[in-house]
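Please read the structure below before turning to the comments.
Residue numbers (this note's numbering): 6 to 237.
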C-alpha cells in the first residue's frame with residue numbers, strides 16, 4: 006500500500022522550530038563539509054535517477070540509493086537535499102525521493118532510532134509542505150545488501166554505456182524473451198568479443214532499470230548465469 010501524507014495540520018509552534026537555510030525547499034544537494042568527509046564513511050558516485058555527483062555519509066546511505074535505483078515506483082531522488090535549522094541546530098536529511106508521486110524525506114539510522122525532539126517537528130514541517138518524513142532502519146537496507154551491490158554494478162555499467170542508442174536492441178531482447186520463458190544474461194553476450202554485443206548489454210541494463218525485465222537480484226550476484234525474464 007502506498008504511503009499517504011497525514012491530513013492533520015501542523016501547529017504554528019511546531020513549524021517555528023524549523024528554518025530553511027537559503028530560503029528554498031527545492032531539493033538540491035548540500036555539499037559535505039571537509040571535516041565530515043574525513044570523519045564519515047564517505048562515498049561519491051554519479052547515479053542515474055539523480056544524474057549528478059551524489060555524496061553519501063555511510064554505506065547504508067549508498068546502498069539505499071542503489072535500491073531506489075532498482076525500484077520502478079521511484080523516479081527521482083536527491084541525497085543530502087535540504088539545509089535546515091531545527092531548534093537552532095543545523096540539520097541535513099539523508100535523502101529526498103519521490104515514490105508513486107509522493108514526496109518523501111528520509112533519514113537512515115541504526116535500529117531506526119531517531120531523537121524524538123527532532124523527529125516530531127520534522128514530521129510536522131514536512132507534512133505541512135506535502136512530504137512524508139521517514140526514518141529508515143540501516144538493518145533493513147543491509148538485509149538487501151546483495152541487491153544493492155547488484156544495482157551499483159548495473160548503474161556503473163549504465164553510466165559507462167550511456168552514449169549508446171539501444172532502442173532497436175531493447176525490442177530485440179523483448180522479442181527473444183517473449184519466445185522463451187527465460188534466458189540468461191550470458192545468452193545475449195559474446196564473452197569472446199564483448200564489443201560485438203555491447204548494444205544488447207546496455208539494452209539489458211536499461212530494461213532492468215526501467216522495470217521492463219526482471220532478474221533475481223536479491224539472492225544472487227549479477228553475472229553471465231543470471232536469468233532475465235519479462236515482467237508480468
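The beta carbon of each residue, even a glycine, is placed where N, CA and C say it ideally should be.
Once the 5 residues before and after residue i are set aside, which same chain residues still bring their CB inside 6 Å of it?
i: residue 205; result: 174 and 193
i: residue 110; result: 98, 101, 131, 136 and 138
i: residue 32; result: 83, 86 and 101
i: residue 67; result: 48 and 61
i: residue 8; result: 107 and 137
Relative to the C-alpha of residue i, which candidate in the options has its C-alpha closest?
i: residue 56; options: 84, 126, 37 and 39; result: 84
i: residue 223; options: 156, 103 and 31; result: 156
i: residue 169; options: 209, 43 and 235; result: 209
i: residue 45; options: 26, 51, 34 and 65; result: 65
i: residue 235; options: 227, 188 and 226; result: 188
Which residue marks the beginning of the alpha helix (DSSP H) containing residue i, and which one marks its end?
i: residue 130; result: 121-133
i: residue 80; result: Unbroken run through residue 80 is the beta strand (DSSP E), 79-84; no alpha helix (DSSP H).
i: residue 43; result: 39-44
i: residue 158; result: 150-165
i: residue 178; result: 172-183
i: residue 67; result: 64-74
i: residue 209; result: 203-215
Short of 8 Å in beta carbon distance, which residues of its chain neighbour residue i, apart from the five on each side in sequence? Order them along the chain.
i: residue 6; result: Its pLDDT being 45, under 50, residue 6 is placed unreliably in this model, and the value from its coordinates should be taken loosely. Excluding sequence neighbours, residue 6 sits near nothing in its chain.
i: residue 114; result: 140, 141, 142 and 143
i: residue 30; result: 87 and 134
Between which two residues does the beta strand (DSSP E) containing residue i stretch?
i: residue 137; result: 136-142
i: residue 200; result: Run containing residue 200: none; DSSP gives neither H nor E here.
i: residue 219; result: 218-220
Just to check my reading of the structure: residue i and residue j have Cβ atoms closer than 8 Å, yes? What is that Cβ distance to the nearest angstrom?
i: residue 102; j: residue 112; result: About 12 Å; that fails the 8 Å criterion.
i: residue 37; j: residue 62; result: 7 Å
i: residue 163; j: residue 53; result: 6 Å
Whose C-beta lies closer than 7 Å to the C-beta of residue i among residues of the same chain, with five residues either side of it excluded?
i: residue 128; result: 138
i: residue 195; result: 201 and 202
i: residue 152; result: 72, 75, 222 and 223
i: residue 39; result: none
What does residue i pair with, by DSSP beta-bridge criteria?
i: residue 91; result: 23 and 94
i: residue 236; result: DSSP lists no partner for residue 236.
i: residue 50; result: 59
i: residue 111; result: 100 and 139
Taking 6 Å as the cut-off, is the CB of residue i close to at least one heavy atom of the ligand GDP?
i: residue 111; result: The model depicted lacks the ligand GDP and carries no ligand whatsoever.
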